[in-house]
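Chains as they are written, first to last, in our numbering: chain H, 51 to 196; chain W, 51 to 196. Built from N, CA and C at the ideal position, the CB exists for glycine as well. Below is one structure, written out as structure tokens, with a few remarks after it.
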DNA sequence: CAAGTAAATAAAAATCATTTCTATTTAAGC
DNA sequence: GCTTAAATAGAAATGATTTTTATTTACTTG
């Protein structure tokens, strides 16, 4: 068995464990939605994911994709990306990162910014309440659209 | 004439100038939508603004509010706020700031973080394209919801 | 390991947010 | 004041997401 299969196994096992801990049943659809999102590098919308998954699961309905994404996001297994757009976009990545969004083509790119991650929030933010996440959203024109 | 009126005059004049520069007609509805948003401190949605404005302009239609907000945002006279929510939220403030969003009550609070504003983006972001804006979005529970 | 049960799914319909269409009104140049 | 293109109101349409209902399925319990 090669390394890539081990990695996949690990990923599935992690997902299975997380589902059980959250009291979620491990259904075929749920696993496939997660797998497809984890494989994607483009922060797909529910509709986009549905189109991709239909190739392998023709009976999969769009509402199941929506429901599954909402469930997984609620249990923090995936993230809904902050955006000004009307269609919600998702990602499975768990590592701390930020987003570059092209105003023209709407493509979303991840980037890392450790100095920000390490920087404590100003007092005003801590007085406001209990902080759960802190992310930078950058808008602009990607090299391709300029 | 008191100071507050002078401030208001200034604000309107600025808005009028900006509209002319952008080739936008200065309609009663447009001015009132802007005024109401500029007065608001809660980053209202189109629907919320419409409800407030109806008190003074009963004939104002919701689609005009949507159209006006889109027009003003397009010309950078107002901002659409980055959020995970389905209803878009707006603000008229132009000064550089960031957002604290309560995951529970969805209230949005502005905060300042000068050290971030001054910090240059990592190389990766500059290679990506031409940056237009950079904002921090913080999620958490506000003091009231904890 | 076969049944029972509550959770999850598919499909359709409903809802919510936003946009478009069309006839009418109005701001701004002449 | 008159003209005209832009903006508005109201209604209808669209797009994204959620809900409803009947059916299926994962997981528990005997």
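| request: Classify residue 124(H) as buried or exposed, calling it buried when 16 or more other Cβ atoms lie within 10 Å of its own Cβ. | output: Along the first chain, read from residue 1 onward, the residue named residue 124(H) stands at position 74. Burial call: exposed.
| said: For the alpha helix (DSSP H) containing residue 148(H), name the first residue and the last one. | reply: On the first chain, position 98 is the one that residue 148(H) refers to. Here residue 148(H) belongs to no alpha helix (DSSP H); instead the beta strand (DSSP E) covers 148-152.
| Roughly how many angstroms separate the alpha carbons of residue 137(W) and residue 98(H), rounded to a whole number? | On the second chain, residue 137(W) is found 87 positions in, with the first residue counted as 1. On the first chain, residue 98(H) is found 48 positions in, with the first residue counted as 1. Spanning the two alpha carbons is a distance of roughly 21 Å.
| query | By how many angstroms is the C-alpha of residue 167(H) removed from the C-alpha of residue 73(W)? | reply | Stepping through the second chain from its first residue, residue 73(W) is reached at position 23. Stepping through the first chain from its first residue, residue 167(H) is reached at position 117. Answer to the nearest angstrom: the Cα atoms are 42 Å apart.
| message | By the three-class DSSP mapping on this structure, what secondary structure does residue 74(H) have? | response | Walking along the first chain from the start, residue 74(H) turns up at place 24. Residue 74(H): coil per DSSP, three-state reduction.
| request: Can you check DSSP and say which residues form a bridge with residue 141(W)? | output: In the second chain, counting from the first residue as 1, residue 141(W) sits at position 91. For residue 141(W), which the question treats as bridged, DSSP gives the partners 129(W).
| Neighbour-count burial assignment, residue 94(W), 16 or more Cβ in a 10 Å radius | Locating residue 94(W) in the second chain gives position 44, where the first residue counts as 1. So residue 94(W) counts as buried.
| query | So, is the C-beta of residue 170(H) closer than 7 Å to a C-beta in chain W? | reply | Numbered from 1 along the first chain, position 120 holds the residue referred to as residue 170(H). Not an interface residue.
| query | Can at least three beta-carbon pairs, one atom from the stretch 76-95 of chain W and one from the stretch 111-129 of chain W, be found at a separation below 8 Å? | reply | yes
| Member of 190(W), 64(W), 128(W), 151(W) whose CA lies at the smallest distance from the CA of residue 144(W) | Start at 1 with the first residue of the second chain, and residue 144(W) comes out as number 94. Checking every option, the nearest Cα to that of residue 144(W) belongs to 128(W).
| query | So what does DSSP say about residue 69(H), is it helix, strand or coil? | reply | For the purposes of this step, residue 69(H) is taken as the residue at position 19 of the first chain. In the structure shown, residue 69(H) sits in a helix (DSSP, three-state: H, G or I).
| residue 142(H) versus residue 88(H): straight-line alpha-carbon distance, rounded | Here residue 142(H) is taken as the residue at index 92 of the first chain, counted from 1. Here residue 88(H) is taken as the residue at index 38 of the first chain, counted from 1. Taking the straight line from one Cα to the other gives about 5 Å.
| Can you name the residues of chain W whose CB is closer than 8 Å to the CB of residue 84(H)? | Numbered from 1 along the first chain, position 34 holds the residue referred to as residue 84(H). Per Cβ cutoff of 8 Å: no residues; residue 84(H) is ~19 Å from chain W at best.
| query | Looking only at its own chain, which residues have a Cβ that is under 6 Å from the Cβ of residue 53(H), when we skip the five neighbours before and after it? | reply | On the first chain, position 3 is the one that residue 53(H) refers to. A caution first: residue 53(H) carries a pLDDT of 43, below 50, which makes its placement in the model unreliable, though a value can still be read off. Cβ within range, chain order: n/a, list empty.
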